[in-house]
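Residues in the sequence shown are numbered from 5 upward in steps of one, following this note's numbering.
Even for Gly, the Cβ is constructed at its ideal location relative to N, Cα and C.
Please read these numbers as outputs of a predicted model, since none were measured by experiment.
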Amino acid sequence: RVFGRGESQISQACRGLVDPVAGASIHYQVKFPETLVKLVVRDRDGDAAAHKLAVLDAGLRDRLAGYLYGDGDETLVDRTVRRLIEAKKTVATAESCTGGMIGELLTRRPGSSQAFLGGAITYSNAEKTRQLGVRTDTLEAHGAVSEATVREMALGARERFGADFAVSVSGVAGPDGGSPDKPVGTVWIALASAVGVTTKKLGWPGARDQIRTLASWWALK
């Protein structure tokens with residue numbers, strides 16, 4: 005299960021990994037927003053097939069390091085919640101353009117209340133200030149879709165909810181509202197924890213629902 009790279013990029017990274025003549029093949033299935041990669045080995049000798057598959061699997065994981073997040077039926081959503089529960093950690097959300105989608109994804113898994121404390125949907129600048137403590141001068145100087153704003157959103161959510169982690173998102177989901185310096189598909193994400201704040205900028209000019217979904221999954225990642 006791979007997230008963060010498109011099918012063509014994954015295919016390019018895996019080029020030359022398998023040898024069809026040796027009875028091996030690789031298959032891709034796009035299941036937006038992730039891509040499923042399947043290795044198939046055919047050999048009359050079961051032990052030989054298992055060995056070939058193990059070698060190919062190791063090579064695949066090496067080539068897709070950082071984007072291959074798991075295998076089997078466990079999705080990125082399930083994995084995120086499971087790892088939070090196992091670590092006895094909690095998370096809160098501060099969402100703008102995603103409109104609560106991150107919280108909805110987190111609560112799909114039974115038992116998620118052990119990890120997910122709650123979230124704030126702060127669509128307007130006024131609510132970012134009222135609910136999360138984002139400074140008005142930050143919004144005036146940098147705008148709602150900015151690294152500075154999502155940093156303050158995440159810090160405010162972590163403090164107000166008393167969570168170990170807080171993730172925030174603000175972006176231009178479109179189809180309108182873009183500008184030359186912040187076109188549609190521009191999204192900023194921040195993650196606040198006890199060790200500080202990390203941020204990430206996305207630039208993916210897709211349809212509105214695609215941008216919101218990708219932003220939510222990147223927040224989980």
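Residue-chain proximity (residue i, chain C), Cβ-Cβ < 8 Å
i	result
Val6	Note that chain C does not occur in the displayed structure, where there is just one protein chain.
Distance, residue j Cα to residue i Cα
i	j	result
Ala91	Gly70	21 Å
Leu40	Leu218	16 Å
Asp47	Gly63	19 Å
Ser183	Gly147	12 Å
Gln16	Arg9	11 Å
Ser220	Asp49	44 Å
Gly74	Arg83	8 Å
Leu136	Cys18	44 Å
Arg139	Lys42	48 Å
Ala119	Arg162	13 Å
Leu68	Glu11	12 Å
Val2	Lys225	Here the chain has residues from 5 to 225 only, and residue 2 is not among them.
Arg164	Val59	48 Å
Pro114	Leu72	24 Å
Gly175	Glu156	15 Å
Thr111	Ile14	30 Å
Val25	Gly210	39 Å
Trp192	His31	33 Å
Asp180	Val34	27 Å
Ala167	Pro37	27 Å
Buried or exposed (CB count within 10 angstroms, at least 16 for buried), residue i
i	result
Ala194	buried
Lys56	buried
Arg87	exposed
Gly160	buried
Arg134	exposed
Lys132	buried
Ser117	exposed
Residues bridged to residue i [DSSP beta-bridge criterion]
i	result
Gly160	Looking at the DSSP assignment, Gly160 forms no beta bridge with any residue, so it has no partner.
Phe165	Its beta-bridge partners do not exist; DSSP assigns none.
Gly104	Gly104 pairs with nothing; no bridge assigned.
Phe120	Val95
Ala177	According to DSSP, Ala177 bridges with nothing at all.
Trp192	Ser174 and Lys205
Whole-number beta carbon distance between residue j and residue i, since they are thought to touch under 8 Å
i	j	result
Thr142	Ala130	Not a contact, Cβ separation roughly 13 Å.
Val45	Gly27	6 Å
Lys212	Thr102	Sequence check: residue 212 is Arg here, not Lys. With 8 Å as the limit, Arg212 and Thr102 do not qualify as a contact, their Cβ atoms being about 11 Å apart.
Leu109	Val154	Not confirmed; about 18 Å, so no contact.
Taking contact to mean at least 3 C-beta pairs separated by less than 8 Å, is the segment 122-130 in contact with the segment 198-209? no
Sufficient close CB pairs (3 or more, under 8 Å) joining the segment 160-177 to the segment 81-95: yes
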